[in-house]
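From first to last, the protein sequence lines stand for chains A and B.
Going by numbering that gives the first Met the number 0, the first residue of the first sequence is number 0, and it counts up by one from there.
Going by numbering that gives the first Met the number 0, the first residue of the second sequence is number 0, and it counts up by one from there.
First up is the structure itself, then whatever we jot down about it.
Number of protein chains: 2
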Amino acid sequence: METIIAIDAMGGDIAPYSPVKASRLAGDFQDLKIILVGDEKKISFLMSGEEKSYTTVLHCDKHISMKDGISRKLLREKENTMRKVLSLVGEKKSDCALSAGNTAAFVSIAISELGLLQNVARPAIAVLLPNVSGSFSIFLDVGANILTKPEHFVQYGLMGSLYAEKVFGIVHPKVGLLNVGTESTKGGELRRQAFNLLSASQKINFIGNIEGQDLFTGKVHVVVSDGFTGNVVLKVSEGILKTFKTDLKREFSRNILGKIGSFILKGHFKRFTGRVDYAEYGGGLLLGVNGVVIISHGKSSPRAILSAIKLGKKIIENNFLQTLQKELNKI
Amino acid sequence: METIIAIDAMGGDIAPYSPVKASRLAGDFQDLKIILVGDEKKISFLMSGEEKSYTTVLHCDKHISMKDGISRKLLREKENTMRKVLSLVGEKKSDCALSAGNTAAFVSIAISELGLLQNVARPAIAVLLPNVSGSFSIFLDVGANILTKPEHFVQYGLMGSLYAEKVFGIVHPKVGLLNVGTESTKGGELRRQAFNLLSASQKINFIGNIEGQDLFTGKVHVVVSDGFTGNVVLKVSEGILKTFKTDLKREFSRNILGKIGSFILKGHFKRFTGRVDYAEYGGGLLLGVNGVVIISHGKSSPRAILSAIKLGKKIIENNFLQTLQKELNKI
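Take a look at the structure:
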């Protein structure tokens, strides 16, 4: 089965370098076609030739910058790289749209271009969080929807469970609600109602509230959260890991002993940082829109975009969108 | 100036061991008196004698456990260690109340026993978050108040600023609002209003929204947040650091090379973990109640309680409560 992935070549802080380099690195994947959408000249300049057998370039003059606020004018714009990759999915010319650009813009355009799946009121961004057991948990929503209502949590729980099951093969995935305490009454009216709705759902293996410290212990397979808290938590996690690494490196280079020690430990460090590096996990899946849409981190390296391509391929090969549609139609 | 600190000897997972041991370690501090409140037999059994010159034991039969939900019955109870340490402050027999027990219970009883300061609608728990520059930021609220209104953020900003200035000597401390983006329109109606109120305040050096990744970079001296997000973020941070340390240790003990390397780096590690260890930072200050109340982590070691004692002493020696009262009266 051939997979076609349309990539916004101008999206992200290291674009078009990261998307183009990632396309070249994707040569090892079987049955993959890539469409790079963006400034043809800039893209061609970065291409080496190796990727030409499976990569097409689709020229597009305009792209939305990271700083653009979401205005009505911006959303009405017909010609930009984001809209293009999404419309390719809408027209079935691509199986997946991918961008590392402005997340808020990409989510808004995805909704307008592809529409929502049946029985989904709001889409959610689901990311994979590495945990201490060497595995990961699915964490959603990390910021597609700031004004979360109780019923949205249930939709997140269901979509997250299906993602865990159908794409990653986790049987009967455990779902937890991110809260300030484990008791069902915690977290104000919003989460009390969400707790009750999640408990009542036959389709969700809801194990109750989980607290912040359990996000990285692998206690549950799927963690549902409102988009505000999810977004802050994700950025805090990234920030703390970055700070931790910088600080540790600095500490180790204080003197000659530290330098010797860290030289010896180089391989160990690399394995360890690989496990907690978001670049390995391919970015977020926009759940709830009628298409496979992957949102990569704004600071994506070529390797991070490559992971996103790999994730997209896996999602498509597992017919995830069709299953999700079917299951959502039933509720 | 003599400082008297009343400690709930039965509060926390390692009680009464941690509070009693901490009292002994506090012998180095000048002009300090400690009142240990709890089961006299258990406390006396753990005391060594050295601390007797500055430590009194006040017997109290009952204490609130970590698992007790906050019921009306619980809050009406007249005899428990938490109420006792707080009433000692209310009666001016102690300058500071300290507990590592059930946070929700301690906050509720503190409000009922001491009352709120003028112009404070809700108290907030302020913690010190270590940051990459080797310093720390003041972060509030981490869970005293889940139902945060726009005007509460301004009270937090003001109290946090005064805490930074009067206790830690930070001149004109920079204040940021934890949000999902830096633009003033981000984060829904609650934060939009909070942003405007914080901007309008003459007494707060508000520099705007900050995102999660900046929580540990020292970009601002004071970070204000609603209690729900603050609580989750604090627990996520603790969890991730714990996970990180465990994982790194395991990685380093995989083989002989790792063991040699980590032996060489032992001192570096210790310095590093000291900087990010919450035990060094003395727990949270309950801002907004009419008394100095310190809430230590439930898992507090003797060293963590000792840091809390040190923090309490510093707060009292700087006459912080009086200054706070005075400044709040002016608004």
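Ideal Cβ placement from N, Cα and C applies to all residues, glycine included.
I'd like the span of the beta strand (DSSP E) that includes residue i, first residue to last.
| i | result |
| --- | --- |
| K173/B | 173-177 |
| G207/B | 204-209 |
| K32/B | 31-37 |
| I259/A | Unbroken run through I259/A is the alpha helix (DSSP H), 255-263; no beta strand (DSSP E). |
| F138/B | 135-139 |
| T181/B | Element bounds for T181/B: n/a, residue is neither H nor E. |
| A5/B | 2-7 |
| A99/B | Unbroken run through A99/B: none, as it is neither H nor E. |
| V131/A | Note, V131/A: premise wrong, no beta strand (DSSP E); not H, not E. |
At which residues does the alpha helix (DSSP H) containing residue i begin and terminate?
| i | result |
| --- | --- |
| S198/A | 187-199 |
| F227/A | 226-251 |
| G311/B | 301-316 |
| K61/A | Segment: none, K61/A is in no alpha helix (DSSP H) and carries neither H nor E. |
| L24/B | 16-24 |
| T322/A | 319-329 |
| S160/B | 149-167 |
| S331/A | What is shown of chain A runs 0 to 330, which leaves residue 331/A out entirely. |
| A104/A | 102-113 |
| G283/B | Segment 283-286 is the beta strand (DSSP E) holding G283/B; no alpha helix (DSSP H) there. |
| T80/A | 80-89 |
Using 10 angstroms around the beta-carbon of residue i, count the other beta-carbons present and answer buried if the total reaches 16, otherwise exposed.
| i | result |
| --- | --- |
| G260/A | buried |
| E78/A | exposed |
| I255/A | exposed |
| S160/B | buried |
| V292/B | buried |
| T228/B | buried |
| A104/A | buried |
| F262/B | exposed |
| S252/B | exposed |
| T102/A | buried |
| D94/A | buried |
| K185/B | buried |
| D246/A | buried |
| M81/B | buried |
What do you reckon, are the CB atoms on residue i and residue j nearer than 9 angstroms?
| i | j | result |
| --- | --- | --- |
| V174/B | N204/B | yes |
| I145/B | G37/B | no |
| R332/A | H151/A | With chain A represented from 0 up to 330, any question about residue 332/A goes unanswered, as that position is not in the structure. |
| A123/A | I308/A | no |
| L320/A | V126/A | no |
| K165/A | N318/A | yes |
| K83/B | A5/B | yes |
| I209/B | N178/B | yes |
| V331/A | T242/B | Residue 331/A falls outside the range modelled here, since chain A spans only 0 to 330, and no answer is possible. |
| F215/B | V235/A | yes |
| Q212/B | G238/A | yes |
| V119/B | M65/B | no |
| K306/B | G282/B | Sequence check: residue 306/B is Ser here, not Lys. Cβ atoms of S306/B and G282/B: closer than 9 angstroms. |
| F138/B | L233/B | yes |
| G100/B | G257/B | no |
| L354/B | P149/B | The structure shown does not extend to residue 354/B, since chain B is modelled only from 0 to 330, so the question has no answer here. |
Name the residue from the options whose alpha carbon lies nearest to the alpha carbon of residue i.
| i | options | result |
| --- | --- | --- |
| I110/A | G89/A, L128/A, L264/A | G89/A |
| K218/A | K258/A, P172/A, K234/A | P172/A |
| P129/A | L116/A, Y53/A, H220/A, G257/A | H220/A |
| V153/A | L97/A, A123/A, L197/A | L197/A |
| K32/A | K41/A, F194/A, E50/A | E50/A |
| S70/B | I108/B, L85/B, T55/B | I108/B |
| S136/B | V223/B, A199/B, T102/B, F44/B | V223/B |
| L45/B | A8/B, Y53/B, I63/B | A8/B |
| G114/B | G290/B, F194/B, S236/B | G290/B |
| T55/B | I34/B, K72/B, T147/B | I34/B |
| K41/A | R249/A, Y53/A, G168/A, V19/A | V19/A |
| S98/B | L233/B, K265/B, S17/B | S17/B |
| G48/B | R23/B, G68/B, K72/B, G180/B | R23/B |
| E112/B | E76/B, G100/B, S295/B | E76/B |
| D67/A | Y53/B, E182/B, L87/B | E182/B |
| K92/B | V170/B, E1/B, A193/B, I304/B | E1/B |
| L323/A | I304/A, Y53/A, K244/A, L286/A | L286/A |
Is the Cβ of residue i closer than 9 angstroms to any Cβ of chain E?
| i | result |
| --- | --- |
| Q192/B | Protein chains in the displayed structure are A and B, and chain E is not among them. |
For the ligand COA, any of its heavy atoms closer than 8 angstroms to the Cβ of residue i?
| i | result |
| --- | --- |
| S132/B | Ligands displayed in this structure: none; no statement on the ligand COA is therefore possible. |
- Item | At least 3 beta-carbon pairs within less than 8 angstroms: the region 319-330 of chain B vs the region 13-23 of chain B | no
- Message: Under 8 angstroms, with one C-beta from each stretch per pair, do the region 58-73 of chain B and the region 312-321 of chain A reach the 3-pair mark?
- Response: no
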